[in-house]
């Protein structure tokens with residue numbers, strides 16, 4: 001974008017100069033008059049030997065660029081296997097052939113009979129002065145309008161625009177300076193009026209600007225000339241450090257892309273390092289962000305529209321991932337509701353499916369080398385596509401600081417929001433189930449979490465002073481309704497999130513044990529999930545047999561650990577899921593809860609399959625016979641091993 005802006009500014013300046021010289025042609029004449037010596041009747045600069053040498057040297061520079069480019073283009077067309085930057089070569093060759101070649105020297109000079117300054121009567125010639133916009137009057141000898149050398153020198157902006165990003169601004173400035181110097185010499189030599197050189201340059205500027213837009217709009221995944229050139233060098237000299245050169249072993253990669261700064265940097269890094277085609281996948285898991293900007297940013301970075309996938313996965317996420325997990329009442333280390341962990345398998349699954357669809361041979365994620373997500377993504381990738389190549393930029397690149405990331409973004413024209421230039425005070429991950437915040441300001445577990453960290457819930461102190469009641473209906477372990485209204489899984493969780501948010505429910509300050517071996521402190525907000533978990537336990541309390549309920553509670557930590565560690569697609573998780581799902585056959589009914597200032601309390605529950613028998617537990621006289629004397633035998637049998645153990649202890653003097 002910065003390249004196009006610079007070219008547009010130069011184009012605008014040329015247009016302004018043309019307009020001024022058209023409105024005031026006397027200014028055009030006066031500038032040439034200032035270069036003329038009436039005493040000698042000549043333009044003195046034209047007789048300066050040093051300036052003549054400079055002019056001759058400068059005029060051949062465009063040809064030193066054009067002819068090699070033309071030869072390379074011919075080679076690229078004949079030998080496509082060389083993977084030469086054909087599109088860049090077409091851009092360079094076509095702009096020169098059309099501008100200085102066809103339009104300037106082939107058309108305009110042959111149609112516009114304007115005398116050069118040295119041929120004008122006021123400067124010792126025989127012809128009258130003509131404004132640039134006035135047709136000529138039969139002057140056919142060595143015409144002035146427009147300047148071919150000015151046009152050729154301005155064309156050098158085309159190859160300059162293809163320079164590597166760190167040098168592109170310098171290259172464009174150098175080309176503009178060269179064009180200005182070449183044009184100035186033509187004016188001081190009396191060979192052209194200022195309007196001649198400006199209009200000659202304008203022709204090339206227009207073509208370069210339009211040509212660069214064409215080159216960048218349809219450029220295949222940002223494979224610019226400098227990137228392809230580096231790839232060729234790397235193949236020719238394998239001793240060159242691979243971190244600096246495209247790796248060349250990946251043709252197409254599917255990137256898990258959020259549209260944020262980090263994944264945009266990864267996108268461009270993939271194009272640069274691997275010189276491959278990039279496909280972006282953005283999942284809507286209910287994170288509450290507008291995702292169309294991700295599409296626009298991907299297109300801006302050179303991704304073809306057909307290679308941009310943005311999908312609404314909210315229903316699938318809740319139905320096939322969150323709800324099965326909640327059937328198990330899963331909580332990692334007894335507290336964490338696994339909001340981030342459960343989202344990764346779905347993202348990975350869709351990445352693999354898209355990779356198969358588009359014929360990609362690699363997938364890429366943006367997880368760091370210290371966290372759990374790298375494990376979760378990659379275990380899922382391998383489970384679903386055992387031979388897939390995985391690219392993990394944070395384990396490969398040398399962009400090890402925020403400053404380096406920002407520099408890379410600036411060099412590659414990646415838009416940077418103003419609030420992204422400073423180090424973020426904490427990182428955030430969000431989906432329909434939860435929001436997690438980690439890092440920086442949260443890293444000291446002895447310090448209370450600042451209020452500004454919370455985005456999903458009101459503080460309990462700000463919650464209403466009157467309780468909110470809600471009734472959740474269940475069928476076979478899954479929530480299906482809120483206050484009697486049937487809802488889809490995603491809509492139901494959204495509704496519970498709204499209720500939880502308003503009542504300050506679901507905040508958790510947790511120090512957890514990461515799978516990679518370190519402890520980390522996170523701040524989690526899971527308003528709807530907190531309500532749903534307690535409601536599910538409430539309906540299970542009246543529908544599950546004691547043995548089944550206790551077995552589930554024993555298995556739950558292992559199940560939660562499997563999800564936390566990234567083993568969603570592992571056979572042991574699927575085995576446990578089958579057992580858990582079997583336990584939910586009769587988990588149907590409703591639970592009524594009271595929400596009040598951060599607390600969730602069950603106040604009622606019922607089920608058509610309830611195992612709760614009021615007549616059995618009543619202290620009043622009931623219809624069901626229950627002989628209290630039967631308890632004596634039950635107790636004596638259960639006490640048998642304890643009596644034996646106690647007798648031995650006493651015998652040994654214990």
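In the UniProt record's numbering, the protein residues as written are 1 to 654.
Yeah, the Cβ is synthetic: ideal placement off N, Cα and C, and Gly gets one too.
Bear in mind that the values here come from a model prediction, so they are computed numbers and not experimental data.
Please confirm whether residue i and residue j have their CB atoms less than 7 Å apart.
i: residue 192; j: residue 147; result: yes
i: residue 496; j: residue 473; result: no
i: residue 97; j: residue 265; result: no
i: residue 345; j: residue 568; result: yes
i: residue 208; j: residue 18; result: no
i: residue 190; j: residue 114; result: no
i: residue 285; j: residue 317; result: yes
i: residue 490; j: residue 315; result: yes
i: residue 156; j: residue 175; result: yes
i: residue 530; j: residue 366; result: no
i: residue 355; j: residue 254; result: yes
i: residue 343; j: residue 556; result: no
i: residue 257; j: residue 273; result: no
i: residue 382; j: residue 363; result: no
By DSSP's criteria, residue i is part of a beta bridge. Which residues make up the other side?
i: residue 311; result: 283
i: residue 485; result: 482
i: residue 590; result: 473, 606
i: residue 513; result: 519
i: residue 9; result: Per DSSP, none; premise fails for residue 9.
i: residue 601; result: 594
i: residue 127; result: 120
i: residue 429; result: 436
In three-state DSSP terms, what is residue i?
i: residue 229; result: With a pLDDT of only 47 at residue 229, under 50, the local geometry of the prediction cannot be trusted, and the value read off the model is given with reservation. Three-state result, residue 229: helix.
i: residue 474; result: strand
i: residue 452; result: helix
i: residue 297; result: helix
i: residue 649; result: helix
i: residue 39; result: coil
i: residue 220; result: Because residue 220 carries a pLDDT of 41, less than 50, the predicted location of this residue cannot be relied on, and no value is offered for it.
i: residue 655; result: An answer regarding residue 655 cannot be provided, because it is not within the stretch 1 to 654 covered by the chain.
i: residue 637; result: helix
i: residue 583; result: helix
i: residue 84; result: coil
i: residue 507; result: strand
i: residue 363; result: strand
i: residue 251; result: coil
i: residue 52; result: helix
i: residue 109; result: helix
i: residue 240; result: Unreliable placement is indicated for residue 240, whose pLDDT of 32 sits below 50; the coordinate value is still reported in the next sentence. DSSP places residue 240 in coil when its eight states are reduced to three.
To the nearest angstrom, how far is the alpha carbon of residue i from that of residue j?
i: residue 587; j: residue 545; result: 11 Å
i: residue 514; j: residue 562; result: 12 Å
i: residue 436; j: residue 338; result: 10 Å
i: residue 551; j: residue 395; result: 41 Å
i: residue 375; j: residue 430; result: 19 Å
i: residue 432; j: residue 458; result: 17 Å
i: residue 631; j: residue 610; result: 24 Å
i: residue 353; j: residue 332; result: 29 Å
i: residue 229; j: residue 161; result: Interpretation of residue 229 is limited by its pLDDT of 47, a score under 50 that renders its predicted location unreliable; the figure taken from the coordinates is listed afterwards. Distance between the alpha carbons of residue 229 and residue 161: 15 Å.
i: residue 125; j: residue 42; result: 10 Å
i: residue 293; j: residue 413; result: 16 Å
i: residue 519; j: residue 334; result: 16 Å
i: residue 498; j: residue 573; result: 31 Å
i: residue 493; j: residue 504; result: 16 Å
i: residue 648; j: residue 639; result: 14 Å
i: residue 451; j: residue 7; result: 47 Å
i: residue 116; j: residue 26; result: 15 Å
i: residue 50; j: residue 29; result: 26 Å
i: residue 485; j: residue 441; result: 42 Å
i: residue 158; j: residue 249; result: 30 Å
i: residue 463; j: residue 297; result: 39 Å
i: residue 522; j: residue 598; result: 19 Å
i: residue 582; j: residue 595; result: 31 Å
i: residue 133; j: residue 21; result: 10 Å
i: residue 390; j: residue 340; result: 21 Å
i: residue 590; j: residue 428; result: 34 Å
i: residue 321; j: residue 328; result: 12 Å
i: residue 687; j: residue 206; result: Given that the chain is displayed from residue 1 to residue 654, the structure contains no residue 687 and the question cannot be resolved.
Any C-beta of chain C sitting closer than 7 Å to the C-beta of residue i?
i: residue 321; result: Among the chains of the structure shown, chain C does not appear; only one protein chain is present.
Tell me, please, whether the stretch 445-454 touches the stretch 574-594 by the rule of three or more beta-carbon pairs shorter than 8 Å. Judged by Cβ distances under 8 Å, the stretch 445-454 makes no contact with the stretch 574-594, as fewer than three pairs qualify.
Three or more beta-carbon pairs under 8 Å between the stretch 532-542 and the stretch 301-311, yes or no? Not touching, per the Cβ criterion.
Using 8 Å as the cut-off, can you tell me whether the stretch 299-306 makes contact with the stretch 263-280, which would need three or more C-beta pairs spanning the two stretches below that distance? The stretch 299-306 vs the stretch 263-280: in contact.
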